[in-house]
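Trainee: Take this structure first; my questions come after.
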Amino acid sequence: MLSSLASVLFDGFAYGMLLFLLSVGLSVTLGMMNFVNLAHCSFAMVGGYVTVHLASRLGWPFLATLPVAFLAAALVSIVLERLLYRRLYRASDLDQCLFTIGIVFISIATYAWFYSTEQQSVRVPGWLTGTHRIGGLTFANYRVFLVVVGLAITALLILFLERTRFGAQVRAAVDNQRMARGLGIDVDRAFMLTFALGGGLAGLGGALSIQIVGLDPTFALSYLVYVLIVVAVGGLGSIGGSFAAAVVLGISDMAGKYYFPWLGAFLIYLVMVALLMWRPAGLFGKR
Amino acid sequence: MLSTRNLNKSFGSLVVAQDIALELPKGVRYALIGPNGAGKTTLINLLTGMLRPDSGEITLSGGDITSLPPYARVRKGLVRTFQINTLFPQLTALESVTLAVLERERNAHNWWRRLASFDAAAEEAHGILRSLRLADGAHRTTRELAYGQQRLLEIALALATRPRVLLLDEPAAGVPKEESHELFTVISNLSSELTVLFIEHDMDVVFRFASRIIVMVGGRILVQGTPDEVAADRTVREVYLGKTHARAA
Amino acid sequence: MANASAHFVAQARWRPLEFVFWACTLLPFFVTPSYLSLASQIAITALFALSLDLILGYAGIVSLGHAAFFGVGAYTAGLIAKHYWTEPLSALALAGLAAGVAGYATSHIIVRFRHLALIMLTMGFGLLLAEAANSASDLTGGADGLQGFHVPGVLGFKFDMFGRTAYGYSLVALFLCFLVARRIIHSPFGLALRGIRENATRMPAIGAPSRAHLRKAYTIAAVVAGVAGGVLTQTTSTVSLEVLSFSRSADVLVILILGGAGRLYGGIVGAIIYMVARDQFSGANPQYWYFWIGVMLVAVVMFLPNGILGGLSALHKKSQ
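Protein chains in written order, with the working numbering: chain A, 24 to 310; chain B, 103 to 351; chain C, 7 to 326.
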């Protein structure tokens, strides 16, 4: 009884780390520029497919593909931002939604063309598969890996934001863009680099999630819902909020699937609706 | 007519309204002045219900309106205009004012009758536009009107609700000096039954059109009185009016 | 001096092009009789898009969950046909009513929110309902859908495999609801909705009970969506979970934007173009379809922000 509870909590937490990686970039860029980028999960897909290509088709070791996935997704983010997105910063919410959904559709079709619609998988090193027993509880190695990576990245992000000058500029720009510009902060550059970082993290998340949820071209749309939930519930522009929301949602989803399988995804949606009604600006949102 | 006591509002450690006590008798023309950030627009937001006070009461014609939502206060006659044009960009001037008239008459919920059959409302709207010399722009969309005309439309919308108390937030904001005089003449020619409080920065206009001045600084009311009293007040002179004006008074 | 309300009279007048349009809707009977079932689908989708226009184009509520009401109407009509009676008109009325009740209930929550929270809530409610319908398979048939009923016809006309009656039924439903929508838009309430869309802050400042207005609009939109869903069920004698799906909500949004929101005919125009194109191009490979839809969305936002009708109207103004 207790061991299943512990396992649900742990698996949920691991899943939450994945959701966090996928969502944190969107939360920060939404909070910073109020730009609704629904194509965020396409960046995740870029990372995922890069890993698939390198590992399954070119034989690279799994871990080596991860930084490349990050960089590729970051690069795609920058290109998209410079060429297309910057024209739409003043457009309405609806227009931004529609435009970026268009990008999503194009990306889905493109990946389907090159990689077919089949589920993809990658081979992970032996020590990442299997389980470990600690104190009577069983932990899946890969999930432990996810938790470690997730926490490490969270720590790095917080260090970056709190300790570096660029991080301070990002925080200022998220808090009050006009004021930040007035202080001479190059908000556009800060935004571009933050966008790249967020996209890169999504790419990393996409690569890491292959082992847990698989990968096919519809990933960009199916996980969008979860990412939006994390962002809306966590509060725009808040890393802590995204973390909390991702964990809550990850655990709710696992708990739902384990204890109330007949509810399906109902629980997650119900939690989201309830949380949004209680705190429309998100748990840690500023507006 | 409109009064408030003990009005307080803070955002965390930022106090935007402190112990505000105000009384506006019927038919007066009062001016609310103060440096930027003094809390003048915040006060209007508190009085109209757009902002919830932390404490205090607001009374209109003897009735407590503190817990009423903004639209209900408008229905009781407490109306404001906005410092930044808050208009309906794609509606024509006539449509905008007609809408305000229809809302006042409680006819806006009607989805079965044709708009065209509400002759009286349209005529009244047109009359209001004419009285503000906006009749030419009646069929132009708000977006297409000149800035000065848009400021007048702000007032037209307020007038269409048949207010008893009118709070004007910098009605001449951004309007060149020659036109602002005209605008204020319009305001002073409004019904003597109407109570008007206007926020203004142009001291000439304030001293000319207001019977009483309220000075706000840092969320508190510094001083209230007739224009002469306020001009003579030492603290006001130092804090706000500046040396030239103080010398002239 | 001209009568002030002459402007409103002129606005509400029927344009000659409108008569031409509606006359053309009769063409499929004679010119393309083999495509009547597609025409039916188009009419139903157009009706659904029209219902979304009432809240999106006129009141400014962005909803990513409007299929919820379409689905409620569809399942209500299906359940009545399966368990009670197969007369369609009365069932359709009940379908609209059920959807209206659902709309009224959710409207109380919806109107309290704006921006991202609003979009997410509409999406959340839609997803919740879809999940609930999936789970309640005793009632809804779950993933298999509602089966085992047949609506023979309406007012003596049989629903046959040629689709004539189906198209006639759908078209009449579309036209009647269109007339109602037209009436609403040219009424004081329609003006109030446009006011909310144009400047939601100003409305309470002129004494408008915005939330009450929005609840009313949302409810009416739900009724019309429910009617569209009911017609779909009755003309096809099936209901599946797809009617409640997120993709149906997203599709109708795309259709409305493509045609042009806030222009009354935008949903209809969008539905025609979208569904004809999909029928012609999606054939073997649905991927290509998504690619072109993506390109179209990007193009519409960048070059035709008011949809096709907006673009045409801008061209028209330029040429004058």
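Here a beta-carbon is modelled for each residue, glycine too, at the ideal position from N, C-alpha and C.
Taking 8 Å as the threshold (beta carbon to beta carbon), is residue 10 (chain A) in contact with chain C?
Mentor: Nothing can be reported for residue 10 (chain A): it is not among the residues displayed for chain A, which extend from 24 to 310.
Trainee: Less than 8 Å between the beta carbons of residue 298 (chain B) and residue 179 (chain B), yes or no?
Mentor: The answer is no: Cβ separation not under 8 Å.
Trainee: Quick one: grab the DSSP three-state call for residue 165 (chain B).
Mentor: strand
Trainee: On the premise that residue 243 (chain A) lies in contact with residue 68 (chain A), defined as a C-beta separation below 8 Å, what is that separation, rounded to the nearest angstrom?
Mentor: 5 Å
Trainee: Please tell me whether residue 189 (chain C) has its Cβ less than 8 Å away from any Cβ of chain B.
Mentor: yes
Trainee: Residue 335 (chain C): which of C:141, C:235 and C:240 sits nearest, CA to CA?
Mentor: No statement about residue 335 (chain C) is possible, as the shown extent of chain C runs from 7 to 326 and does not include it.
Trainee: Please list the partners that residue 262 (chain A) has in chain C, where partner means a Cβ-to-Cβ separation under 8 Å.
Mentor: Near residue 262 (chain A) there are no residues of chain C at all, since even the closest Cβ is about 18 Å away, more than 8 Å.
Trainee: Please confirm whether residue 116 (chain A) and residue 72 (chain C) have their CB atoms less than 8 Å apart.
Mentor: no
Trainee: Can you tell me which of the three DSSP states residue 310 (chain A) falls into?
Mentor: With a pLDDT of 47 at residue 310 (chain A), under the threshold of 50, the modelled position of this residue cannot be trusted, and the question is left open.
Trainee: Between which two residues does the alpha helix (DSSP H) containing residue 111 (chain B) stretch?
Mentor: No alpha helix (DSSP H) contains residue 111 (chain B), which is instead part of the beta strand (DSSP E) from 104-113.
Trainee: Can you grab the Cα-Cα spacing for the pair residue 109 (chain B) / residue 295 (chain A), in whole Å?
Mentor: Their Cα atoms are separated by approximately 37 Å.
Trainee: Less than 6 Å between C-beta atoms, sequence neighbours within five positions excluded: which residues of the same chain meet that for residue 219 (chain A)?
Mentor: 97, 100 and 101
Trainee: Who are the Cβ neighbours of residue 274 (chain C) in its own chain at under 6 Å, not counting the five residues just before and after it?
Mentor: 52
Trainee: If you draw a straight line from the C-alpha of residue 152 (chain C) to the C-alpha of residue 49 (chain A), how long is it?
Mentor: 39 Å
Trainee: Check for me: the beta strand (DSSP E) holding residue 327 (chain B) runs from which residue to which?
Mentor: 322-327
Trainee: Quick check: residue 281 (chain C) and residue 47 (chain C), are their CB atoms within less than 8 Å of each other?
Mentor: yes
Trainee: Using a threshold of 8 Å, state whether the C-beta atoms of residue 67 (chain C) and residue 224 (chain C) are closer than that.
Mentor: Pairing residue 67 (chain C) with residue 224 (chain C) gives a Cβ-Cβ distance under 8 Å.
Trainee: What residue range does the alpha helix (DSSP H) around residue 246 (chain A) cover?
Mentor: 242-257
Trainee: Quick check: is the beta carbon of residue 192 (chain C) nearer than 8 Å to any beta carbon in chain A?
Mentor: no
Trainee: At what residues does the beta strand (DSSP E) containing residue 125 (chain B) begin and finish?
Mentor: 116-126
Trainee: By the 7 Å beta-carbon criterion, what residues does the segment 67-92 of chain C contribute toward chain A?
Mentor: Going along the segment 67-92 of chain C in chain order, one finds 68 with a Cβ nearer than 7 Å to chain A.
Trainee: Could you check what DSSP says for residue 185 (chain B) in three-state terms: helix, strand or coil?
Mentor: Reduced to three states, the DSSP call for residue 185 (chain B) is coil.
Trainee: Applying a beta-carbon distance threshold of less than 9 Å, which residues of chain C neighbour residue 276 (chain A)?
Mentor: Ordered by position in chain C, no residue passes the 9 Å Cβ test against residue 276 (chain A), which lies about 13 Å from the chain.
Trainee: For a contact defined as C-beta to C-beta under 8 Å, what are the partners of residue 283 (chain B) on chain C?
Mentor: Those within 8 Å of residue 283 (chain B) in chain C number zero; the least Cβ separation is about 26 Å.
Trainee: Report yes if the CB atom of residue 34 (chain C) is closer than 8 Å to the CB atom of residue 173 (chain C), and no otherwise.
Mentor: yes
Trainee: Mind listing, in chain order, the continuous alpha helix (DSSP H) runs of no fewer than 4 residues lying wholly within the segment 102-138 of chain A?
Mentor: 116-138
Trainee: Between C:288, C:293, C:256 and C:316, which has its C-alpha nearest residue 121 (chain A)'s C-alpha?
Mentor: C:256
Trainee: Put residue 351 (chain B) into one of helix, strand or coil per three-state DSSP.
Mentor: With a pLDDT of 46 at residue 351 (chain B), under the threshold of 50, the modelled position of this residue cannot be trusted; read the value that follows with caution. In the structure shown, residue 351 (chain B) sits in coil (DSSP, three-state: anything other than H, G, I, E or B).
Trainee: Please tell me whether residue 38 (chain A) has its Cβ less than 8 Å away from any Cβ of chain C.
Mentor: no
Trainee: Could you check which residue in C:322, C:285, C:55 and C:242 has the C-alpha nearest to that of residue 175 (chain C)?
Mentor: C:242
Trainee: Using a beta-carbon distance below 8 Å, is residue 7 (chain C) in contact with chain A?
Mentor: Low per-residue confidence applies at residue 7 (chain C): pLDDT is 43, beneath 50, and the placement is therefore not dependable enough to give any value.
Trainee: Tell me whether residue 157 (chain B) sits in a helix, a strand or coil according to DSSP, three-state version.
Mentor: strand
Trainee: What span of residues does the alpha helix (DSSP H) with residue 306 (chain B) cover, start to end?
Mentor: 305-311
Trainee: Given residue 262 (chain B), which residues of its chain have a CB within under 6 Å of its CB, disregarding the five upstream and five downstream residues?
Mentor: 199, 202, 203 and 230
Trainee: What's the gap between the Cα of residue 197 (chain C) and the Cα of residue 178 (chain C)?
Mentor: 27 Å
Trainee: Is the number of C-beta pairs between the segment 80-88 of chain C and the segment 212-221 of chain C that are closer than 8 Å three or more?
Mentor: no
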